[in-house]
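According to this note's numbering, the sequence shown is numbered sequentially starting from 2.
Note that beta-carbon positions come from the ideal geometry of N, C-alpha and C, so glycine has one too.
The structure presented is a predicted model; accordingly, all values stated were derived computationally and were not measured.
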Amino acid sequence: MSVNGVGGGGIDRVLALRAQILERNQALQRANQAVAGSAPGVQAPAGPAKNFTAALQDALQQVNEGQARAGQATSAYERGETIDIAKVMLARQEAAVGFEATLQVRNKLLSAYKDIMSMPV
């Protein structure tokens with residue numbers, strides 16, 4: 002059920018995006034390992050990085066839209082418009098879950114970056 006674009010599919014989208022990011026991360030790791038075993042002047046193809054960037058941008062956009070919908074639903078409820086409090090709370094919880102998932106992805110990316118930077122050359 003959806004009211005003003007607020008529905009129950011937000012969590013599923015975030016989890017699906019997270020799974021895609023993890024799959025692409027594994028593909029990048031495999032490509033990096035293949036490059037590490039090849040000649041020093043050979044670089045990995047830029048295709049997966051472009052898709053990874055697009056996936057991250059799309060995920061951030063969806064989280065931002067979820068936050069905006071939750072804010073709009075909250076404002077509408079505060080103004081006294083006819084909107085169910087349960088739908089407002091659901092929208093706020095979906096936005097919170099999306100934000101928390103974004104923070105976890107950010108933390109994992111920072112951790113991976115630190116691991117890569119600490120590797121000997």
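When the five nearest sequence neighbours on each side are left out, the beta carbons in the same chain lying within less than 8 Å of the beta carbon of Q68 are those of A96, G99 and F100, in order along the chain.
Annotated three-state conformation of D13 is helix, per DSSP. For M120, the three-state secondary structure derived from DSSP is coil. Taking 3 residues as the shortest admissible run, the region 56 to 92 contains no complete beta strand (DSSP E) segment at all.
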